[in-house]
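Each residue of the sequence shown is one higher than the last, beginning at 974 in the working numbering.
See below for the structure under consideration.
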Amino acid sequence: MNANTLVRTARRRKGLTQRELASRTGIPQPMISSIERGLQDPRYSTLERILAAVDQEIDVIDTAGRGVDRTQFVEPLRLKPIQRLRNGVAASIAIDRLVKSARRIKPKS
């Protein structure tokens, strides 16, 4: 659920108007309106304040990076900078050769 839906749903469940929520949080009503319409993304601290005013909390589930094969990131970092540079140059040369050979292939009519 994105922030605008979360804020709107939480406010309505509590039976508050945007103006009442603004009064409880100290956040201007136009800003609450902008958040609810998806025109503005609130900071995490702002979202916490809004939800605290309606007796709710943010439930954060850290799933970042799960299921990602990290070997593609970690192994190159173990190399010395000069070796990473050489690998990059070699990859660039290989791509250049591939592109040149692809240009020589004539499409079938």
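We put the CB at the ideal spot given by N, CA and C, even for glycine.
Given residue i as reference, the closest of the options once Cα atoms are compared
{"i": "I1008", "options": "T982, R997, D1032", "result": "T982"}
{"i": "L1024", "options": "T1044, G999, R1043, D1042", "result": "G999"}
CA-to-CA distance, residue j to residue i, given in whole angstroms
{"i": "A1026", "j": "G1011", "result": "20 angstroms"}
{"i": "I1066", "j": "G1040", "result": "32 angstroms"}
{"i": "V1049", "j": "P1001", "result": "Residue 1049 is actually Pro in this sequence, not Val. Straight-line Cα distance between these residues: approximately 49 angstroms."}
{"i": "F1046", "j": "I1068", "result": "20 angstroms"}
{"i": "D1028", "j": "Q1013", "result": "22 angstroms"}
{"i": "A1064", "j": "I1005", "result": "50 angstroms"}
{"i": "E1030", "j": "R984", "result": "13 angstroms"}
{"i": "R986", "j": "M974", "result": "16 angstroms"}
{"i": "L1071", "j": "V1062", "result": "14 angstroms"}
{"i": "L979", "j": "I1055", "result": "49 angstroms"}
{"i": "R1016", "j": "A995", "result": "16 angstroms"}
{"i": "K1073", "j": "T1044", "result": "31 angstroms"}
{"i": "S1018", "j": "G988", "result": "22 angstroms"}
Heavy atom of the ligand SAM within 7 angstroms of residue i beta-carbon
{"i": "N977", "result": "Absence of the ligand SAM is noted for the structure shown, with no ligands found whatsoever."}
Nearest-angstrom beta carbon gap, residue j and residue i [assumed within contact, 8 angstroms]
{"i": "A976", "j": "L1020", "result": "6 angstroms"}
Spatial neighbours of residue i in its chain, beta-carbon cut-off 7 angstroms, leaving aside the 5 residues before and after
{"i": "R1057", "result": "P1049"}
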